[in-house]
Structures are given as C-alpha cells and as structure tokens.
Amino acid sequence: MEPTMEHQEDNATQSWVAICAKGIEALVADEIRQFGGVVLKESPANVQFTGDLQVAYTVCLWSRLASRVLLPLLENDVDNTVDNVGQMYDIAKSIDWPAIFPVDATFRIDFHGLNDFIKNTQFGAQKVKDAVVDRFRETTGERPSVDKAGDLRIEAQLRKGKLFLYLNISGDSLHRRGYRLQPGKAPLKENLAAALLIRAGWPERAARGEHFVDPMCGSATFVIEAGLMAADVAPGLNRQGWGFDRWKGHQRKLWLGLVDEARQRRTAGLQGLNNRLYGFDIDSDQLAAAQKNVERSLLGNKIHLERRDITELRIQKDVMAQGGLLMCNPPYGERLSELPQLAPLYQQLHDAAMRVPEWPLVVFTGNLDLSRAIRRPLDKQYRFSNGQIETKLLVFGPADERSSLPQPSAIRGPVEAFANRLKKNMKNLSKWTKRENVHCYRMYDADLPEYAVAVDRYEDWLHVQEYVPPKSIDPAMAERRLLDVLAALPEVTGTPADHIVLKRRERQVGKKQYEKRSSETQEKRTMEVREGAVKLFVNLRDYLDTGLFLDHRPTRLDIAERAANKKFLNLFCYTATASVHAAVNGAQCTSVDMSRTYINWGRDNFRLNNIDPDKHNFIQADCLQWLKEDQGSYDVIFMDPPTFSNSKRMEGVLDIQRDHADLIRMAMARLAPQGLLIFSNNLRKFELDTEALSDLKITDVSAKSVPFDYARRANIHQCFHISAK
C-alpha cells in the first residue's frame, strides 16, 4: 500500500520505528511512552510504536537514547528462490516517491541486509536508487540527484524474506547532539552515555538536587549528558538539520512550536539548575576538547572542569553532604599496551571513591577482572555493547566495612607459582648482573606454561611480551592470567606499573617486526640504557623489538674486543649496536640495513657515545645487493640476517635456510686475510650446510654466545665463527 503523506492531519496516527543500540530497547520504549506514543513491539535494536506526527517530532527532539526515527513506507515479500533483484526494484518503484519529496531535493539510500542474489549492500542500494529515480522520471519527467549527505535518507532493509522501506525522518544519527566536535581519545556515544546515566539512576538523583562527579571525564560526555538531563534540555536543540526538512509530509508550524517550547524549557531549566557538575581528568588535551564541548552545549557556566589526577580527587564538604553520583568510564584494556597501568588505576579509583563513601560509584567497563579492585557492594549490573566491545555498567553502593580494608596482595591463588618462580630467577640473576655489570637482561621466559610471557629488565623498566596462547586455551582464562602477571610484577620486582610495557609477540611476516606500533615520535619514546662500555637507545613501546637483542649481548662484547682498531662490517645491522661496541674500541665501522629508521637509530647510538657517525659508513641498502657491488675488505664481519624477508625493497625473497650458503660466500668475499665472519640467525631448526661450505673453517660457538639469562632457551639463536682454512 502506498503512503498518503501529503495531506496529513496533525492528529493522524501512524506507525514509526525507533532504532537504538542493543540492550536499551526497554529504556527507549519508556521514553516513547512518556512522549505520548504507544509501544507495539520491542525488538533487538529497535522499538515499533504508533503516534501522530507530534509524537514522532518529539522523539526526534527529546529522545536521549534513540539513534534514528523511521517512517515505514512499504513492507513486501521477496521471493528468495529466484533472482529477486528485479522484484526488489519493482517493489521500490511502486512507491509514489514524488509524493514524498520534491525533485530538487537530494537523497541517499542506506541499504541493510543480504540474500543469495543481493550479495553487496552497495548493489542493493543502487537498485533501490534506480527505482526511485525511474519513478520520478515517469511521473515528473525529471530526476532527483543522489548525494552522500542527502536531504532525505531512504532506508532499505532486506531480512527474513521481506523488503522493508523506510523514510528516515531524523536524518543523521541522533547521538550527534551538535556539541561534540572533538570526541576525545576513547569516545562514548552520547546516547549510550545517556542510557548509562539512566541505568545509574541519575535522573532521579538530579531531581532531588544531588550532584554529579566524573573523575576521568575525557571529553566530558557523561558530565554534559548529566547536565542536559538535570537542566531539562532537549538533546536535539543543537542539531542543524533533520531528515524531515525536505519531506512533503513535514509540518513546519507544528515542529517550530515544539522547538520553541523546548527552548523555553531550556531557559527555565538552566536558570533553575542547582546541581553541581564536575569533570576531572589528568590529560590536558582531553580537557581542552571537553571545554569546547561544554561551551557548545550551552552548559559552560554550569560545569566545572579541572585538570586533576584521580589520586587527588577532592569534593567540597557541602557538596558531599547533599549527596550525588560518582560515575566514570575508565580505560579497560581494549588496547593491549594499556593493561600494565590499569590494575593500579582501578585501585586508585577505589581509593578516590572512598573520599565520598556515602555516594554510589558507577563504573562502565569492559574488564570485570580489573573492576575487582573496587571493594564495594555491587548493587546492580547491566550488560551493554560499546561498539564491538562487550561491556557492563557496575553500580556499586555506598562503602561498607570491607571497602576500608587494606588492598589485598595481588599474589594470591595460581599466580603465586609465577611470583615464586620470578623471585627465584631474580635471586639467581642478582649476583651475575652485579658481577658482569649487566643492566638489561631476561628475568623470566615462559618458565611456567600457564604464564607464557617473557619479562625483560631494561634498567628500571620492565618489558613484558605475551606469547599468544594456543586456541585450546580459553581467551578469558588467558586474559585473567595476563592480568594476574601484570598485577604481581610491581609487587615482586618493585617496579611501578607505569614503568611496565606490555606487547603481544606473534609470528612476524616480512617487515612487520620493524613497523612502528605507535603514532608518537621516537624522540618521545626512546630511553638510554647501558651495556658494557657503551650507552644505547632503546624504544620499549613503538616496535615489536626494542632496538637491542638481549640474547646477542655476549656476541657484541666479543666484537668489541675482536674489532678493536680494525675494519668492521655489520650486515643487517638493525640499530647498529654491535657497531657502537666496535667503534668505541677504535674500529672503522660500516653498517648496512634496509631500514632508514634503523640506520638513523644507529647514528643516534653513535652520537650518544660521542662518536661522530659521519666518520663511519651508514648505508641504507639491501644487504644482498650491496654485497654484490661492494669491493671493500673487512677484518671482522658480523651478519645476523632475518629468518625470512620478502620486503618490497629486496630483490626476491630471503629464506635463510635455503640461502645461507650463498650469503656466507658473498660475505667471505669481503673478508680480509686472517679475518673472521661471525654468522648468526634465530631459526630454531637451522642446519648449516657444511658440505657446501666444506672449504671454510667453521666453529659452532652457539653455546658460548647464549648468555646466562637465556640458559632456559639455549636454542634462542645459533652462532658460528667462519674463516678461511
């Protein structure tokens, strides 16, 4: 049946659909009832209701929770047993589109759903668009234009053997209130924030004159939404455009009357707002974005923002006495690198909340393990989805006796085995590190299969690498064990959580291990460490590897002596750490690597040791190609090639097992008489082709080259001394 929307009466009842996030359908239904609508059905991510146009306008203007408001145009069966593309076109064309919007308005199609014949949503959208345009041509002789930011949005849904066509009267998603142009680092959608506030009981508390505090406010979404609720401000008042603006069924007088009423309510609400609204955050950039958002929301003089760490939370006594809600959305480890700092952060949140023990504490988190640090009665919990992340809203009641007890030790239960092994390792390593003057070393390397991590110390920092658990291990169990490790490390080692860096180690392909893992510059991330007689830069965060292979420490110290005052060639030099050792002892160094990043890093390492890199050779090149062309002669050559490389800058593919004999031959051609080639690689099953290299003197020095701290991983690499017979 075609819609007849051109001459509607104000009180004509129609069917509507409110689209929303999954999990908040009941809340949206409650809103619609408050607006005068009749709820027909709550389905996953939508609520179907009836009401006149004023109800639909009210939902657009006042709903804090819905994402879109749709007017159903047509619902028709689609035969899924035959090619139904043409059928779908005919259904869409049957609608009198010129009765819905003028030809000079632009439009767009949002298509959802697939079947055996519509396997691409763009293709589905194209067919519906063709139907709309053709109906216009046949009726008016003209066609409207399609635009991504169309004046009107037509929504097509293909599901359960039916085609549903809707007019999106709200337009852009209703979560975009118009105040948040700078969302911050971890944005929370405004309508999700509103749903969380409602579940937390804020509207009732606001009505009683209570106050609101977000100690980790980010871009201030919680605080602003709380303020809009308390001040009775319609969330849609700041929006500049609507999906019904060019709809022929739009009744402008009715709409403007609702807007005028909302403005009057806003004025009265802001004047009568006595609730105190506070947002604190340690990140000055976040606060700058928050301040601009607050100003655009027209709550500028009603919200107090301040740069303050969670550990310094302070609330005025009169505010505390009047009651309120403490609520935040702390980070919960969706990025692996955040995890080491999060366990203490949640403990700090608990401690801060104890300064207002009578107030409820509400925490929105995707990590229940971290939230165990909060020792308050858990009154309620609600399941939500934040994008693709399963999350929960935890509503903690006022503090009780347990809340005041000291923080329990993180070393409880199964993780005790890890802690005890780490303590044992530290004791065994202590005398060795002092005797050998070692400042960077491996402390633990998956000694216990259940705790499959490597823990390396770099001066007073810890670098933790998680080995990816096998698929047979429950991901939740693996996450629990990792969090236990991160919680235990500060207690066992005395290293603060903010000096612990976590990475996940996976099998790398091509150059992946050399790719930058952060947008921050190297200058912000590097730190200085000591090794033997030299200083070196390492970067614990941005790359899979740190710039210093700890298992090659004995080899570098050996090179320092062997290459003293000689010509030294470092192939596949990485950050040129071996070259630094040699140069400090007077060697003339040539360092070759394909990566400009690491060549520059090597130069920085030279400068750190007061060595002019311009007096040595740093060459960015494919080592294989460079060896073919170089005519130099070197007394000591160190070559530690990757196991496999298919970099675009290389000619062909390097497979060290297949190619090592040719590679060694090429290097030997550059070796001076009586010189030494040190050849190493980390392929665990590597077998040297002694037959192909039978004319050379080869000594396997792997056992001597693996350091004491890698005793449990004696196969970490293989190393050979090669010279002419």
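Letter by letter, the sequence shown follows residues 1114 to 1838 in the working numbering.
For each residue, glycine too, the CB sits at the ideal point set by N, CA and C.
Residue j beta carbon less than 9 Å from that of residue i
i       : j       : result
Asn1406 : Tyr1292 : yes
Ser1176 : Gly1354 : no
Ser1258 : Phe1220 : yes
Ala1601 : Ile1487 : no
Asp1492 : Pro1519 : no
Leu1575 : Thr1546 : no
Asp1558 : Arg1825 : yes
Gly1788 : Ser1746 : yes
Arg1594 : Glu1563 : yes
Phe1393 : Arg1352 : no
Gly1331 : Ala1403 : yes
Ala1696 : Lys1680 : no
Cys1553 : Arg1720 : no
Leu1506 : Trp1315 : no
Val1651 : Ile1613 : no
Trp1360 : Ile1282 : yes
Arg1389 : Asp1345 : no
Asn1159 : Glu1138 : yes
Rounded C-alpha distance that separates residue i from residue j
i       : j       : result
Arg1555 : Asn1828 : 15 Å
Asp1358 : Asp1396 : 40 Å
Leu1184 : Arg1290 : 21 Å
Val1566 : Asp1398 : 34 Å
Val1642 : Ser1758 : 29 Å
Thr1690 : Asn1718 : 7 Å
Gly1254 : Ala1244 : 14 Å
Leu1280 : Ala1238 : 14 Å
Val1172 : Gly1510 : 33 Å
Lys1629 : Tyr1170 : Low confidence applies here, because Lys1629 scores a pLDDT of 47, under 50, leaving its location unreliable and the question unanswered by this model.
Glu1633 : Ile1835 : Below a pLDDT of 50, predicted positions are generally treated as unreliable, and Glu1633, at 39, falls in that range; no measurement from the model is reported.
Ala1676 : Leu1462 : 55 Å
Tyr1627 : Phe1685 : For Tyr1627, the predicted model reports a pLDDT of 41, less than 50, meaning its position is unreliable; a value from the coordinates is still stated below. Whole-angstrom Cα-Cα distance: 12 Å.
Ala1512 : Gly1362 : 55 Å
Ala1805 : Gln1235 : 58 Å
Tyr1459 : Ser1517 : 15 Å
Pro1453 : His1729 : 40 Å
Gln1127 : Gln1384 : 37 Å
Trp1739 : Glu1549 : 37 Å
Asp1560 : Thr1756 : 25 Å
Val1568 : Gly1645 : 21 Å
Val1151 : Leu1367 : 20 Å
Val1528 : Leu1670 : 36 Å
Phe1833 : Ile1777 : 11 Å
Gly1382 : Ala1343 : 8 Å
Asp1748 : Glu1742 : 18 Å
Ala1591 : Pro1582 : 7 Å
Val1508 : Gln1429 : 23 Å
Buried/exposed call for residue i, threshold 16 Cβ in 10 Å
i       : result
His1830 : buried
Lys1625 : Summary for Lys1625: the model assigns pLDDT 39, below 50, so the residue's position carries little reliability; its value from the coordinates is reported in the next sentence. Per the 10 Å Cβ criterion, exposed.
Cys1133 : buried
Leu1271 : buried
Asp1706 : buried
Val1130 : buried
Arg1427 : exposed
Tyr1823 : buried
Glu1572 : exposed
His1288 : buried
Val1766 : exposed
Val1141 : buried
Lys1838 : exposed
Pro1588 : exposed
Asp1802 : exposed
Arg1312 : buried
Ser1156 : exposed
Asp1611 : exposed
So, does the segment 1792 to 1803 touch the segment 1771 to 1782, judging by three or more C-beta pairs under 8 Å?
yes
At least 3 beta-carbon pairs within less than 8 Å: the segment 1366 to 1384 vs the segment 1223 to 1238
no
If we require 3 or more residues per run, which beta strand (DSSP E) segments fall completely within the segment 1661 to 1746?
1680 to 1684, 1701 to 1706, 1730 to 1733
Is the segment 1139 to 1149 touching the segment 1316 to 1335 in the sense that three or more CB pairs, one from each, lie closer than 8 Å?
no
In chain order, each alpha helix (DSSP H) run of at least 4 residues that lies wholly inside the segment 1577 to 1620
1588 to 1606
For a minimum of 3 consecutive residues, which ranges assigned as the beta strand (DSSP E) are wholly contained in the segment 1796 to 1834?
1809 to 1813
Would you mind listing the alpha helix (DSSP H) stretches within the segment 1449 to 1500 that are 4+ residues and don't spill past its ends, in chain order?
1452 to 1466, 1481 to 1484
Report the start-end ranges of each beta strand (DSSP E) in the segment 1329 to 1398 that is 3 residues or longer and not cut off at the edges.
1390 to 1394
Beta strand (DSSP E) runs wholly inside the segment 1535 to 1566, at least 3 long, in chain order:
1553 to 1558
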